[in-house]
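In what follows, a single structure is set out as structure tokens and then discussed.
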Amino acid sequence: MKTYTILFIVIVLMHLITLVNATVFKGEWSGIVLHLSNILFIIACVYFGIERRANKRATRNI
Numbered sequence: 003m004k005t006y007t008i009l010f011i012v013i014v015l016m017h018l019i020t021l022v023n024a025t026v027f028k029g030e031w032s033g034i035v036l037h038l039s040n041i042l043f044i045i046a047c048v049y050f051g052i053e054r055r056a057n058k059r060a061t062r063n064i
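What the sequence shown shows, in the numbering used here, is residues 3 to 64, in sequence order.
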């Protein structure tokens with residue numbers, strides 16, 4: 003998959019869990035939602051860093 007596809011999926015998941023918390027749980031699980039959003043953000047940053055480093059090495063070897 004392309005990097006932007008993965009990052010877009012992570013953003014959609016972050017918004018979806020926020021929406022579910024606000025509508026279904028009436029905002030009662032804000033702490034859990036915040037932790038899940040932070041974990042997804044860190045995963046996206048790590049994935050982006052890995053992909054960027056791989057692309058940088060690939061272009062340097064050409």
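Just so it is clear, CB atoms sit at the ideal spot from N, CA and C, and this is done for glycine as well. Since we're looking at a predicted model, the values are computed, not measured.
Under the three-state reduction of DSSP, valine 26 is assigned to coil, being neither helix nor strand. Counting along the chain, no alpha helix (DSSP H) covers lysine 4, and no H or E run does either.
Distance from the Cα of tyrosine 6 is smallest, within the candidate group Gly51, Val22 and Ala24, for Gly51. Between leucine 18 and the set Asn63, Val35, Glu53 and Arg59, the nearest pair of CA atoms involves Val35.
One Cα belongs to glycine 29, the other to asparagine 23, and the distance between them is close to 5 Å.
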